[in-house]
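Using the UniProt record's numbering, read the sequence shown as starting at 1 and increasing by one per residue.
Written below as structure tokens is the structure these notes are about.
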Amino acid sequence: MSTPAGRPVTLADVARRAGTSTAVVSYVMNDGPRPVAPATRERVLAAAAELGYRPNRIARALRSRVTGVVGLVLADALNPYFGALARHVERALAGHGRLMLIGNADYSAERQRHLVERFLAAQVDGLVITAADADDDVAAMARTAGVPAAYLHNGPAAGQTPVVAADNEHAVEEAVAHLRAHGHRDVAFLAGPRDTGPVGRRRQVWRAATGDGGTLLRSGYSRAEADALIRRLAATGDVPRALVAATDEQAIGVLSGACAAGLPVPGRVAVVSLDGSPDSAHTAPALTVTGQPLETMARQAVDLLFTPSASPAAPRAPLIRRRSCGCEEPR
1 MSTPAGRPVT LADVARRAGT STAVVSYVMN DGPRPVAPAT RERVLAAAAE
51 LGYRPNRIAR ALRSRVTGVV GLVLADALNP YFGALARHVE RALAGHGRLM
101 LIGNADYSAE RQRHLVERFL AAQVDGLVIT AADADDDVAA MARTAGVPAA
151 YLHNGPAAGQ TPVVAADNEH AVEEAVAHLR AHGHRDVAFL AGPRDTGPVG
201 RRRQVWRAAT GDGGTLLRSG YSRAEADALI RRLAATGDVP RALVAATDEQ
251 AIGVLSGACA AGLPVPGRVA VVSLDGSPDS AHTAPALTVT GQPLETMARQ
301 AVDLLFTPSA SPAAPRAPLI RRRSCGCEEP R
């Protein structure tokens, strides 16, 4: 809000309205460095509310070298999995009194590095990075600048920055075991275009769990590409009877392609996915998933910014039974 003259409301305006000094108003707005009597504090806060005073965050940051803002670099802002992670990061940061800025790397290592550079130039108080390319330890730039950082979901294995990773090992083993409990001996795996990051690790665990008893399939990390893959396989009769999808986006594409090809799920192909994003509960049929503990992961990553010595326990992704694997959904 501005004064009648059109200029922003200042500390001096609040001081005049409250009948006190600008120094006292500053102490109230900044919670120190000197105490203020409760009655005076209430008078200052009431005056600030009446005038619509808003503290100048930029000026405060210049004085304290603390902006109250943390940057979040997302691998893909359009992917519901990363969107859900972002929501939980924002809530965790609010618990620490911080605001969040989001940058979308769009699976580009070059853009990921550019975003980290921009966030550091903006003097953020910390960085959370869902790495688009774990081979590039972009958090090293934050360490050089003295800014705390944490990787979330994915990060360099050999870096010095802490990583709160998704549950890749237990989730895959649980998915394969569950499909075999439904009678499927051969369990296929839908991986990404390349064996990198969490999906590469998931493929390795799947192969160790199945040996030679499963087909490796590949598609891009999109519904459209997985849909097209299933349609091509349907045309040649090569659609597997049971399939673990590395990501929910691919799993949703599998459902779409199977529907278009007239292949019933789970009657002709049983599907389990490894992310557990919010969309997975609302497909047709609903996806059985290993639900990654996104809230816990986000909270652990944010806590590491403010308590670097913390050693969070590795989160587990529980199996959530729905219709796509052959289970009856709970009523």
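The beta carbon of each residue, even a glycine, is placed where N, CA and C say it ideally should be.
- Around the beta carbon of residue 135, fewer than 16 other beta carbons lie within 10 angstroms, which makes this residue exposed.
- Distance from the Cα of residue 327 is smallest, within the candidate group 285, 295 and 313, for 285.
- DSSP lists 243 as the beta-bridge partner residues of residue 188.
- Residue environment analysis places residue 98 among the buried positions, since at least 16 neighbouring C-beta atoms fall within 10 angstroms of its C-beta.
- Here residue 8 carries a strand assignment [DSSP, helix/strand/coil].
- According to the DSSP assignment, residue 172 belongs to the alpha helix (DSSP H) that extends over 169 to 181.
- Counting C-beta atoms within 10 angstroms of its own C-beta, residue 226 has 16 or more neighbours from the protein chains shown and is therefore classed as buried.
- Nearest in C-alpha terms to residue 167, of all of 131, 294, 260 and 158, is 294.
- Residue pairing by DSSP places residue 126 opposite 70 in a beta bridge.
- If the five residues before and after residue 36 are omitted, its C-beta is found closer than 7 Å to the C-beta atoms of 24, 27 and 28, all from its own chain and listed in chain order.
- The continuous beta strand (DSSP E) containing residue 273 extends over residues 270 to 273.
- Between residue 277 and residue 81, the CB-CB gap stays under 8 Å.
- Taking all protein chains shown into account, residue 249 has 16 or more neighbouring C-beta atoms within 10 Å of its C-beta and is therefore buried.
- Rounded to whole angstroms, the separation of the alpha carbons of residue 150 and residue 141 is 12 Å.
- The bridge partners DSSP lists for residue 151 are 129 and 163.
- Under the three-state reduction of DSSP, residue 22 is assigned to helix.
- Per DSSP, reduced to three states, the secondary structure at residue 138 is coil, with no helix or strand assignment.
- Per DSSP, reduced to three states, the secondary structure at residue 16 is helical.
- Taking each of 8, 302, 11 and 318 in turn and checking the Cα distance to residue 91, the smallest one comes out for 302.
- Annotation note: the region 69 to 101 contains the following uninterrupted beta strand (DSSP E) runs of length 3 or greater, listed N- to C-terminal: 69 to 74.
- If you check the CB distance, residue 247 and residue 274 come in under 8 Å.
- With the rule of 3 Cβ pairs closer than 8 Å, the region 44 to 56 counts as touching the region 6 to 19.
- Cα atoms of residue 179 and residue 283: separation of roughly 19 Å, rounded to the nearest angstrom.
- Put simply, the region 71 to 78 does not touch the region 36 to 48. Fewer than three CB pairs are less than 8 Å apart.
- Sequence-distant Cβ neighbours of residue 12 in its own chain, meaning closer than 6 Å and more than five residues away, are 22.
- Assignment of residue 262 by DSSP, reduced to helix, strand and coil, places it in the coil class.
- Contact between residue 291 and residue 252 does not hold, since the beta-carbon distance rounds to 15 Å and is not under 8 Å.
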